[in-house]
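Everything below concerns the one structure shown next.
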Amino acid sequence: MTRIKIAYALSIALVLFVLYFGTGYVFFPETQTGGFGLPVMPSKGDPFLAIKGVRDIGTALVLLALLLLRNVRAVGWGLLALAFIPIGDMLIVLTHNGSPGAAFGIHGATAALMVVISALFLIRPAQNGQ
Numbered sequence: 633m634t635r636i637k638i639a640y641a642l643s644i645a646l647v648l649f650v651l652y653f654g655t656g657y658v659f660f661p662e663t664q665t666g667g668f669g670l671p672v673m674p675s676k677g678d679p680f681l682a683i684k685g686v687r688d689i690g691t692a693l694v695l696l697a698l699l700l701l702r703n704v705r706a707v708g709w710g711l712l713a714l715a716f717i718p719i720g721d722m723l724i725v726l727t728h729n730g731s732p733g734a735a736f737g738i739h740g741a742t743a744a745l746m747v748v749i750s751a752l753f754l755i756r757p758a759q760n761g762q
C-alpha cells in the first residue's frame with residue numbers, strides 16, 4: 633500500500649471517529665461527557681455539549697470535503713491546521729485541573745496522529761539525484 637493510500641485510509645478513519653464523537657455530543661451528551669478529561673463537565677442539556685458536538689462534526693466535514701477533492705497537498709495542510717483543535721483541547725484540560733492522561737492520551741494523541749497523517753500527505757519523495 634502506498635504512503636498516500638495509507639494517509640487516505642487513516643484520514644477516513646479519523647473522519648469517522650470525529651463524526652462519532654461529534655454526533656454523540658449533540659444527540660447523546662450523557663455518554664460523552666466523561667471522556668473529555670475535565671474534572672467537571674456540563675450536565676445534559678447544557679448548550680456547551682452541543683457546541684462541542686457541532687464543532688467536531690464541522691471539523692470532520694471539512695476534512696471529508698478535502699478528501700473528496702483528492703488534492704493531497706490541500707488535505708495535508710488542512711489536517712495540519714485542524715490539529716490546532718485537539719491541541720487546544722489538550723491545553724484546556726491541562727490548565728483546568730483535568731486529567732493529564734486524557735489530555736495527552738486523547739487530545740494529544742489525536743493531534744499527533746493528525747500531524748503524522750498530514751506529513752504523509754505533504755512530504756514529497758526525493759527526486760532522482762536531488
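Heads up: take any position in the sequence shown, counting from 1, add 632, and you land on my numbering. Each residue gets a CB set at the ideal place from its N, CA and C atoms; glycine is no exception. These numbers were taken from a predicted model, which means no experiment stands behind them.
Open item on the list: With the cut-off set at 8 Å, would you say residue 691 and residue 719 are in Cβ contact?
Closed with: One-based indexing of the sequence shown puts residue 691 at position 59. One-based indexing of the sequence shown puts residue 719 at position 87. Their beta carbons are not under 8 Å apart, which means residue 691 does not touch residue 719 by this criterion.
- [ ] Please confirm if the region 675–690 is in contact with the region 739–751, defined as three or more CB-CB distances below 8 Å between the two stretches.
- [x] no
TODO: Inspect the beta-carbon positions of residue 636 and residue 704 and report whether they are closer than 8 Å.
DONE: If you number the sequence shown from 1, residue 636 lands on position 4. If you number the sequence shown from 1, residue 704 lands on position 72. Against a cut-off of 8 Å, the Cβ pair of residue 704 and residue 636 comes out as a contact.
- [ ] Tell me, please, whether the region 683–702 touches the region 654–665 by the rule of three or more beta-carbon pairs shorter than 8 Å.
- [x] Touching, per the Cβ criterion.
TODO: Would you give the residue range spanned by the alpha helix (DSSP H) that residue 655 belongs to?
DONE: Indexing the sequence shown from 1 puts residue 655 at position 23. Taken as a continuous stretch (DSSP letters only), the alpha helix (DSSP H) holding residue 655 covers 635–659.
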